[in-house]
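What follows is a single structure, written as structure tokens, with notes after it.
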Amino acid sequence: MDVNKKSKGGRKPKMNPSKNRYVFRLTDEENIKFLNLYEASGMNSKAKFITTILFQKELKIVKVDISTIDYHTQLTKLFYQFQSIGNNYNQIVKILYRNFTEKKASFYLFKLENHTRELAFICKKIIELTKEFEQNHIQKTYENDR
1 MDVNKKSKGG
11 RKPKMNPSKN
21 RYVFRLTDEE
31 NIKFLNLYEA
41 SGMNSKAKFI
51 TTILFQKELK
61 IVKVDISTID
71 YHTQLTKLFY
81 QFQSIGNNYN
91 QIVKILYRNF
101 TEKKASFYLF
111 KLENHTRELA
121 FICKKIIELT
131 KEFEQNHIQK
141 TYENDR
């Protein structure tokens with residue numbers, strides 16, 4: 001047995017162990033802010049989180065707003081519905097002129113045109129609401145994160 005080696009078993013010693021310790025105290029408000037930042041970071045160790053912030057390593061916090069994702073999902077579904085309405089519109093026009101007289105086809109096209117105007121109005125309203133939503137929610141949260 002080698003005299004210089006002390007084999008006690010257990011874990012291998014670290015090359016550069018963290019043995020210096022610092023203690024600091026936070027008020028209740030500061031602690032709430034700290035815990036919110038820590039949770040938002042997604043890190044699994046408060047010590048690593050603190051050293052990352054202290055030594056200005058790159059730390060990215062991504063906030064996900066579920067309501068924004070839901071709004072985008074519903075808007076996408078609505079877009080696909082408008083797209084299918086456009087496809088149906090073209091098919092209806094072809095069928096009308098193929099199966100009816102020109103006078104009767106024009107009558108039905110007039111009705112279809114009125115409904116199309118209503119859809120166009122709804123589409124404009126959706127665009128306005130989307131712009132308003134972006135201004136009030138998406139851009140505001142981006143500015144608050146800076």
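FYI, our numbering numbers position 8 of the sequence shown as 8, with every residue one higher than the one before it.
A virtual CB, placed ideally from N, CA and C, is assigned to each residue, including glycine.
If you're wondering where the values come from, they're calculated on a predicted model, not measured in any experiment.
C-alpha of residue 50 to C-alpha of residue 27: approximately 17 Å in a straight line. At a cut-off of 4 residues, the continuous stretches assigned as alpha helix (DSSP H) that sit fully inside the segment 40–112 are 46–54, 66–99. Contact check for residue 96 against residue 105 passes: the beta carbons are separated by less than 7 Å.
Cα atoms of residue 73 and residue 85: separation of roughly 19 Å, rounded to the nearest angstrom. Here DSSP, grouped into helix, strand and coil, assigns residue 24 to coil. With respect to the 7 Å criterion, residue 48 and residue 38 are not classified as neighbours on the basis of their beta carbons.
A check of alpha carbon separations from residue 129 across 100, 118, 77, 71 identifies 71 as the nearest. The residue among 80, 116, 41 with its C-alpha nearest the C-alpha of residue 93 is 116.
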